[in-house]
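The structure appears below as structure tokens.
In the working numbering, the protein residues as written are 206 to 413.
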């Protein structure tokens, strides 16, 4: 993964920012994006796509990443904005904001996926980048760990949805809880329409 990133380095490109997001698919909670910049000599064994790592491994690597990087940042886009501008635009906004919050200015931005955002800094899209790029993989870990912590915090306020376990994703237990209790303030109403499509409880969405 380091070799992938180093292939972009040249005289005018010394610093890369890896960017990724977490939380595009859940029914509840924010989407979180992270950006991270490393010195080219830094290597952290085990960094990979956050989805392939255990929670314990992610949290261990998170500490290493924030300790060894030159700069990292993250951006949180709340469910209300996701409902307003849609999840794709919210994800792109989060990634753009994360880059803008970095304390160092990268020369090139590597973004996971096939959709990018406008920046004065050149942006390169890398499909499945979290499995190819060291810096994108590191960003995916920061984003995932940050979002998971937020969802655990939310579970203290809304325990009936088991957010500490499902992190807002549409597990069977989560969907059943929504149908039983209705949505809470951190649910994405646009994401619940399909769930309620054949239920009279659609009124819960339209009455708020």
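Note that beta-carbon positions come from the ideal geometry of N, C-alpha and C, so glycine has one too.
Return the chain-ordered list of same chain residues with a C-beta closer than 7 angstroms to the C-beta of residue i, the five sequence neighbours on each side being excluded.
i           : result
residue 226 : 236, 237, 238, 296, 299, 300 and 348
residue 206 : 252, 337, 338, 339 and 342
residue 211 : 245
residue 267 : 346, 347 and 350
DSSP state of residue i, grouped into three classes?
i           : result
residue 326 : coil
residue 417 : What the structure shows of the chain is the stretch from 206 to 413, and residue 417 is not part of that stretch, so it cannot be assessed.
residue 232 : coil
residue 374 : coil
residue 254 : coil
residue 391 : coil
residue 343 : helix
residue 367 : coil
residue 400 : coil
residue 355 : helix
residue 221 : strand
How long is the line joining the alpha carbons of residue i and residue j, rounded to whole angstroms?
i           : j           : result
residue 220 : residue 278 : 15 angstroms
residue 272 : residue 352 : 19 angstroms
residue 314 : residue 329 : 6 angstroms
residue 317 : residue 402 : 32 angstroms
residue 375 : residue 285 : 18 angstroms
residue 233 : residue 398 : 13 angstroms
residue 292 : residue 282 : 10 angstroms
residue 350 : residue 382 : 24 angstroms
residue 217 : residue 327 : 12 angstroms
residue 393 : residue 287 : 7 angstroms
residue 209 : residue 354 : 30 angstroms
residue 362 : residue 368 : 10 angstroms
residue 223 : residue 396 : 28 angstroms
residue 466 : residue 229 : The structure shown does not extend to residue 466, since the chain is modelled only from 206 through 413, so no value can be given for it.
residue 358 : residue 335 : 26 angstroms
residue 364 : residue 391 : 13 angstroms
Can you list, in chain order, the residues of its chain with a C-beta nearer than 6 angstroms to that of residue i? Leave out the 5 residues immediately preceding and following it.
i           : result
residue 371 : 379
residue 309 : 242, 275 and 276
Nearest to residue i by alpha carbon, out of the options?
i           : options               : result
residue 324 : 334, 311 and 331      : 311
residue 386 : 366, 393 and 400      : 366
residue 231 : 259, 361, 210 and 356 : 356
residue 303 : 267, 217, 264 and 345 : 345
residue 307 : 275, 321, 265 and 358 : 275
residue 255 : 264, 243 and 331      : 264
residue 248 : 229, 269, 258 and 215 : 269
residue 240 : 321, 305, 261 and 290 : 305
Tell me which same chain residues have a C-beta within less than 8 angstroms of the C-beta of residue i, skipping the five on either side of it?
i           : result
residue 319 : 330 and 332
residue 400 : 232, 375, 380, 383 and 384
residue 213 : 221, 313, 315 and 329
residue 257 : 336
What are the uninterrupted segments assigned as alpha helix (DSSP H) that are 4 or more residues long and contained completely in the stretch 276 to 337, given in chain order? 284 to 290 and 292 to 305
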